[in-house]
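Asker: I have a structure I would like to understand better, so I am pasting it below and will then ask my questions one at a time.
2 protein chains.
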Amino acid sequence: MDREWNDNQPIYRQLRDRVVAMILDGVLKEGDPLPSVRTVAAEYLVNPLTVLKGYQQLVDEGLVESRRGRGMFINVGARSLLLKGERQKFVTDEWPRIHETIQRLGLSAEELLNNDGAAPSKTDEEKPKP
Amino acid sequence: MDREWNDNQPIYRQLRDRVVAMILDGVLKEGDPLPSVRTVAAEYLVNPLTVLKGYQQLVDEGLVESRRGRGMFINVGARSLLLKGERQKFVTDEWPRIHETIQRLGLSAEELLNNDGAAPSKTDEEKPKP
DNA sequence: TGCTGTGTTATAGTTAACTATAACAGTAAA
DNA sequence: TTTACTGTTATAGTTAACTATAACACAGCA
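Sequence lines, in order, name chains A and B.
Positions 26 to 155 (this note's numbering) are the ones given, in order, by the first sequence.
Positions 26 to 155 (this note's numbering) are the ones given, in order, by the second sequence.
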C-alpha cells in the first residue's frame, strides 16, 4: 500500500524526513503532538528504538520538544527553521549532484522540473559525447 | 581536495556509480581497462575488497568483464546499455521523490537552473500552505 | 490509589558494510 | 624461471543499523 521503506537510507532518517515533510506540508503545526513512539512502531512494524532514534534527531535539531510522560511536540518556529535549513541543504548539497546526473543521462532538467510527474519525453536514445 | 565519500551511500556503490559516470561521460570507452583494484584501494585509502565489491556489481550488470591476471574491461555496448537502464531508474525511482522535495521546499525551476552552485536566491522566507 | 498512556534506558543478539592481513591464481614481460 | 603486475578467496575483527524483550520514570485520569 504505502511505498514503505527505501533501501538507500536508514529507517530512522527516513522517519525523520517524513516528519519534516509533514511539518513543511502543514500537516503538523506548531504545538501539535507527534504520533507516539509505540504507535508508529506498531503501525510500521518497526522497533520502538528505531522510531525514538528518528525522533531524537528532530529534538537535536530543535524542531521538536520531548515531554516525558506527555509526548513529543512540534516547537514554535519549526517550520520557518526548516524552510531555511532544508533549502540550504538541498540547494548546496543535493541539487548539484542531481543536476550532474541529469546532464550525464542526457535528460533535460527544465523538462523534468516542468513536468508534474508525467511521463518523460522520449527524445534521442543515443547521443555520444563529442 | 576531492569530495571523497558521501555518507548516505555505501562506498562500494559509490565506486560503482563513479565508474558508471565515467562510462557515460566517455572517459572510459568500450575495451578500456578499469584502474586496478589495488590501485584504486591505495589511491582512495579503501580496502581492496570494498573496491572489488563495487567492480563485481558492474560485472553483474554486464557492463564490465573480468579477466583474471589481466584486469577488468569495459564491455561493448556498455554505454548504450547504461543510457537505457540508468535513465529508466532515475526517472521512475529517483526523480519523483526529488521533485516532491523541491515542491515542498517551494523552490523554483529558475532558482535551481540558474545557480551553478552559487548562493541561493533569497525570496519569500515564509509561505504557509493554504 | 491504580491504570494507562507517554518518553527513556538497559541488555543482548543479528546483519551489512568495512577493515586488516594473507594467501592463492592467472598473465606477461625481463 | 623470476618478477611484477592483475583478479580472487579465506579468515577474522569492528562498527552502525536494526531487532527483541524488559524495565524504569513521568503525567493524567478514574
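Where a beta carbon is used, it is the ideal one built from N, C-alpha and C, also for glycine.
Considering only their Cβ atoms, is the gap separating Val44 of chain B from Leu59 of chain B smaller than 9 Å?
Answerer: Pairing Leu59 of chain B with Val44 of chain B gives a Cβ-Cβ distance under 9 Å.
Asker: Is the CB of Ile36 of chain B under 9 Å away from at least one CB in chain A?
Answerer: No, Ile36 of chain B lies away from the interface with chain A (no Cβ there is under 9 Å from its Cβ).
Asker: What does the alpha-carbon distance come out to for the pair Leu107 of chain B and Glu55 of chain B?
Answerer: 12 Å
Asker: Which residues in the same chain as Arg104 of chain B place their Cβ atom closer than 6 Å to its Cβ, once the five residues preceding and following it in sequence are excluded?
Answerer: Ile48
Asker: Can you check DSSP and say which residues form a bridge with Arg92 of chain B?
Answerer: DSSP lists B:Gly96 as partners of Arg92 of chain B.
Asker: Relative to the C-alpha of Asp50 of chain B, which residue among A:Thr126, A:Leu138, A:Asn139 is closest?
Answerer: Selected option, being the one with the closest Cα: A:Thr126.
Asker: Give the C-beta separation of Arg41 of chain B and Gln82 of chain B to the nearest angstrom, bearing in mind that I take them to be a contact with Cβ-Cβ under 8 Å.
Answerer: 5 Å
Asker: With a Cβ-Cβ cutoff of 9 Å, do Val62 of chain A and Tyr80 of chain A count as a contact?
Answerer: yes
Asker: Here's the rule I'm using: 16 or more other beta-carbon atoms within 10 Å means buried, otherwise exposed. How should Arg129 of chain A be labelled?
Answerer: buried
Asker: By the criterion of Cβ-Cβ separation under 7 Å, what are the contact partners of Arg112 of chain B in chain A?
Answerer: Leu130, Leu132
Asker: When the cut-off is 9 Å and only beta carbons count, does Glu135 of chain A lie next to chain B?
Answerer: yes
Asker: Against Ile123 of chain A, what residues of chain B qualify as contacts under a CB-to-CB distance less than 7 Å, listed in chain order?
Answerer: Ile123
Asker: For Leu132 of chain B and Ile123 of chain A, what's the separation of their Cα atoms in angstroms?
Answerer: 15 Å
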